[in-house]
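Residue 559 in the working numbering is what sits at position 263 of the sequence shown, and the numbering runs on without skipping anything.
Glycine included, each C-beta is placed from N, C-alpha and C at the ideal position.
In this text the structure is predicted, and so the values were computed from the model without any measurement.
Here is the structure we will look at.
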Amino acid sequence: MYPRKIAIIGGGIAGLAFARRYRQLGGRVSIHERRRPQPHQGLGFILLENGLKALSEIGRRSAVEAFSYPLTSCTIRDQRGNLLLEENLQSVHGVTRSAFLEALGRGLPETWTHYGQVFSHFERAPNGDARRAVFENGEAIEADLFLGCDGSQSGVRAEIFPHARISRPRICELVSVVDSDLDVARSKRRFLKIRHEAGGLALGLVPANSQTLIWYLQFDAEKYPTPPTGRTHLKDFARSLTRGWSGPAEQLIRATDFRRTYICPTRVLEPLDAYFDRNIALLGDAAHALHSFTSQGVNSAIEDAAVLAEKLAPGRAVPHSKAFLDYSETRKIAIRPLLA
Ligand SMILES: Cc1cc2nc3c(=O)[nH]c(=O)nc-3n(C[C@H](O)[C@H](O)[C@H](O)COP(=O)(O)OP(=O)(O)OC[C@H]3O[C@@H](n4cnc5c(N)ncnc54)[C@H](O)[C@@H]3O)c2cc1C
């Protein structure tokens with residue numbers, strides 16, 4: 297059945313990246329996003345070489361590079377200030393999530409995206425295929441194929457793989473952002489990491505532009521029990537873990553607005569056997585929520601989108617069952633080392 301009607305559930309990184317590439321290949325999609333069309337919330341992340349390469353494949357590398365911040369060096373110290381490593385970086389960029397999504401989505405036809413649609417469930421055809429995605433507001437979309445791009449808490453995944461196993465991760469991150477001209481932010485283009493010599497604790501600072509610094513505190517949740525949410529708890533936690541450290545930790549915590557601070561991940565998805573079921577495929581965190589310390593969540597979401605768009609390219613007229621299987625096998629191999 298060509299051209300296929302494709303509905304994307306979730307207009308985050310994987311969803312927008314797929315839409316971009318599929319459009320470039322001559323196709324069209326509809327995107328169903330639970331958010332309202334307000335500026336994107338969120339912090340930021342590191343784009344690595346594989347993510348930049350996938351952005352080239354979907355034709356958005358230069359658009360993203362216009363807003364991202366090339367990082368030219370990496371310094372690792374211990375908490376006493378001893379230098380452990382200093383090296384030059386290539387093809388590593390810091391970027392805020394808002395700038396990134398803006399660059400990814402710009403130029404997509406406005407009529408493609410439907411905001412305020414929270415996925416509820418699928419209605420099935422007699423052969424078991426999904427026929428319609430139904431949203432909580434009662435609206436629905438009929439399509440030939442559905443792509444679950446609805447993130448780590450994916451409702452699409454919960455419906456097609458209700459027995460997917462979710463566990464508590466041992467290594468967690470407290471992630472935050474500082475908008476200021478902090479001294480540490482001025483040492484532009486440097487990714488700084490401070491590791492505690494006892495292990496299980498590290499602080500990372502990633503400039504996302506000349507004024508914005510993303511920072512994260514990686515901790516072993518068995519050694520340092522995860523605090524409850526709430527800015528006071530998070531601030532006390534960050535302060536107690538980094539007390540007495542040499543370097544910018546204290547200054548950073550003082551400058552941080554802890555209302556924009558999150559613990560992630562709080563749950564980890566065990567590997568799925570396949571990234572699809574019938575005429576529904578999963579991309580990005582919905583398929584493989586990765587540990588944040590891999591810095592691969594965003595990069596791999598773009599790769600998923602680039603690979604699947606190629607497999608489903610309108611000109612190829614390949615049955616979706618084959619395209620989904622190829623996609624799933626290709627991406628599982630790429631993701632496997634990140635799960636170790
Ligand atoms: C605090 C934090 C810091 C991170 N730092 C990094 C980093 O440094 N490097 C990195 O590579 N990755 C990082 N990640 C992970 C990265 O953000 C994700 O891996 C990436 O966003 C995955 O893309 P995605 O498209 O699968 O999901 P998302 O980008 O989360 O998009 C999912 C979309 O689906 C929508 N949605 C959800 N549920 C529904 C529903 N029921 N109906 C309709 N729409 C729905 C959401 O609103 C969202 O727009 C971080 C994540 C967090 C939370």
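**Asked** For the region 336-363, which segments carrying the beta strand (DSSP E) assignment without a break, of at least 3 residues, lie completely within its bounds, in sequence order?
**Response** 340-343
Simplified DSSP state of Tyr558, which is helix, strand or coil: Looking up residue 558 in the sequence shown gives position 262. Strand.
_Burial state of Asp637 (16 or more Cβ within 10 Å)_ = No answer is possible for residue 637: the residues shown for the chain start at 297 and end at 636.
### Contact belief for Glu435 with Gln449 at Cβ below 8 Å, rounded distance in angstroms
Position 139 of the sequence shown, counted from the first residue, corresponds to residue 435. Position 153 of the sequence shown, counted from the first residue, corresponds to residue 449. With 8 Å as the limit, Glu435 and Gln449 do not qualify as a contact, their Cβ atoms being about 21 Å apart.
query = So, using beta-carbon positions, are Val430 and His410 closer together than 8 Å?
reply = The residue labelled residue 430 in the question sits at position 134 within the sequence shown. The residue labelled residue 410 in the question sits at position 114 within the sequence shown. No; because the gap between Cβ atoms is not below 8 Å, this pair is not in contact.
- Task: Could you say which of Val474, Gly347, Ala602 lies nearest to Ile549 if we only look at CA atoms?
- Result: By 1-based counting over the sequence shown, the position of residue 549 is 253. Checking every option, the nearest Cα to that of Ile549 belongs to Val474.
Limits of the unbroken alpha helix (DSSP H) element including Asn595
Here residue 595 corresponds to residue number 299 of the sequence shown, with the count starting at 1. Counting along the chain, the alpha helix (DSSP H) containing Asn595 begins and ends at 593-607.
Problem set entry | Asp600 burial status per 10 Å Cβ neighbour count (16 or more: buried) | Position 304 of the sequence shown, counting from 1, holds the residue named residue 600. Buried, since its Cβ has 16 or more Cβ neighbours within 10 Å.
Would you say Cys560 and Val471 are within 8 Å of each other, going by their C-beta atoms? Here residue 560 is taken as the residue at index 264 of the sequence shown, counted from 1. Here residue 471 is taken as the residue at index 175 of the sequence shown, counted from 1. Yes, they are a contact pair.
Review point. Where DSSP assigns a beta bridge to Phe487, which residues make up the other side?
Key: Position 191 of the sequence shown, counting from 1, holds the residue named residue 487. Answer by DSSP bridge pairing, in chain order: Cys370.
Closest residue to Gly495 among Lys349, Gly444, Thr538, Asn433 (Cα-Cα distance): Working through the sequence shown from its first residue, we reach residue 495 at position 199. Minimum Cα distance to Gly495 is reached at Thr538.
Q) Taking C-alpha atoms, which residue in Leu404, Ile631, His584, Ile305 lies nearest to Ala439? A) Along the sequence shown, read from residue 1 onward, the residue named residue 439 stands at position 143. For Ala439, the nearest C-alpha among the options comes from Ile305.
Buried or exposed: Thr557, going by 16 or more other Cβ atoms within 10 Å of its Cβ? On the sequence shown, position 261 is the one that residue 557 refers to. Per the 10 Å Cβ criterion, buried.
- prompt: Are the CB atoms of Leu670 and Leu312 nearer to each other than 8 Å?
  reply: Residue 670 lies beyond the residue range present for the chain, which begins at 297 and ends at 636; the question has no answer from this structure.
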